[in-house]
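Okay, so here's the structure we're looking at.
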Amino acid sequence: MRLCIFKFHNLSFCKFSPLKMSDISQHYGGSILAMKGKDCVCIINDKRLGNGPIGVSKNFTKIYEITPRLFVGFTGLISDAQILFRKIRRSHNLFRLNSNRDMEPNELSKMISYILYSKRTSPYYVSVIVAGLGKNNNPYIVGMDCLGCMDESDEFITSGTAANNLSGLCEALFTPDLDEESLFVTSTQAFLNAVDRDTFSGWGAVSYVIGTKESKRREIKGRCD
1 MRLCIFKFHN LSFCKFSPLK MSDISQHYGG SILAMKGKDC VCIINDKRLG
51 NGPIGVSKNF TKIYEITPRL FVGFTGLISD AQILFRKIRR SHNLFRLNSN
101 RDMEPNELSK MISYILYSKR TSPYYVSVIV AGLGKNNNPY IVGMDCLGCM
151 DESDEFITSG TAANNLSGLC EALFTPDLDE ESLFVTSTQA FLNAVDRDTF
201 SGWGAVSYVI GTKESKRREI KGRCD
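So the sequence shown is residues 1 to 225, counted in the UniProt record's numbering.
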């Protein structure tokens, strides 16, 4: 609320005028990038958690492991993201019990899309990115909005407050069929340079490179100013 003070004949009175509410999906900040390589995929997020422009934590993760070959990341309203992740994890565990196998990335993304669309009248204010390796080690990345609309890409997916910066840098730096180490270097360079130009993202990053043999987690130091 904004406090406005008026003076009239040596008397003063005040009234409150409402301020426009900012976008709730950007209130906590944060950004995520997923990028494809040759038989590998990288997903990376920043570590900042904010209350608008105020920093709250510099060690907050937005990416969760479903299986060693499958990860999901959330930007937007943190409380909705935590509720949605619990639903995803429960549904995946039930699928594993019934089918005796883990979900493929495309199966998980369709399930998440269904969950999001089923809540369309009171949606979860989150954007979702799914990244993983499917059958025959095919890399898979897809992004979704709060209604579950899927955007599958053969190159990269961006989400969060630095999404525009990330898209521009990735278009300039991305090359197809990168190996695991080159993919890590390219995605890290694009991500750090993008979040350095965004007030609501940054404070370091965490990268997950999913390869045919293992998934590697690396922490990257970044600017904290």
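Glycine included, C-beta positions come from ideal geometry on N, C-alpha and C.
Buried versus exposed, by CB contacts within 10 Å (16 or more), residue i
i: P53; result: exposed
i: S12; result: With a pLDDT of only 42 at S12, under the threshold of 50, the placement of this residue in the model should not be trusted, and no figure is reported.
i: D33; result: Before going on, a small fix: residue 33 reads as Leu here, not Asp. Buried is the call here.
i: R86; result: exposed
i: S187; result: buried
i: E219; result: exposed
i: S118; result: exposed
i: R90; result: exposed
i: A194; result: buried
i: L178; result: buried
i: K213; result: exposed
i: T199; result: exposed
i: S122; result: exposed
i: R69; result: buried
i: V185; result: exposed
Cβ pair residue i, residue j closer than 7 Å
i: I112; j: V128; result: yes
i: D46; j: S201; result: yes
i: I44; j: F174; result: no
i: A131; j: I141; result: yes
i: residue 226; j: L77; result: Because residue 226 is not part of the residues shown, which for the chain are 1 to 225, the question remains open.
i: E180; j: G134; result: no
i: G160; j: D151; result: no
Residues near residue i in its chain [Cβ-Cβ closer than 7 Å; skip 5 each side]
i: D145; result: S127
i: L183; result: M35, G37, C40, C42, V209
i: S95; result: According to the sequence displayed, residue 95 carries Phe and not Ser. For F95, where only same-chain residues beyond five positions count, the Cβ hits under 7 Å are M103.
i: V56; result: L49, G50
i: N106; result: G134, Y140
i: K221; result: G204
i: L147; result: L116, Y117, R120, P123
i: S153; result: I141
Same chain only: Cβ atoms within 8 Å of residue i, ignoring 5 sequence neighbours per side
i: R197; result: A162, N165
i: S155; result: The sequence shown places Glu at residue 155, rather than the Ser named in the question. M35, K36, C170, F174, P176.
i: C224; result: K58, G202, W203, G204
i: I83; result: Y124
i: L108; result: I66, L70, V72, I88, H92, V130, G132
Neighbourhood of residue i by C-beta distance below 6 Å, restricted to the same chain and skipping five residues each side
i: R217; result: Y208
i: S167; result: T158
>> Any contact between the stretch 94 to 106 and the stretch 48 to 65? By contact I mean 3 or more CB pairs, one from each, below 8 Å.
In response: no
>> For a minimum of 4 consecutive residues, which ranges assigned as the alpha helix (DSSP H) are wholly contained in the stretch 62 to 106?
In response: 78 to 99
> Can you give, in chain order, each stretch of the alpha helix (DSSP H) that sits fully within the stretch 151 to 219 and has at least 4 residues?
Replying inline: 163 to 173, 180 to 195
> Unbroken beta strand (DSSP E) runs of length 3 or more, entirely within the stretch 118 to 156: which are they?
Replying inline: 126 to 133, 139 to 144, 150 to 152
> In the stretch 24 to 48, which residue ranges form an unbroken beta strand (DSSP E) of at least 3 residues, counting only runs that do not cross its ends?
Replying inline: 31 to 36, 41 to 46
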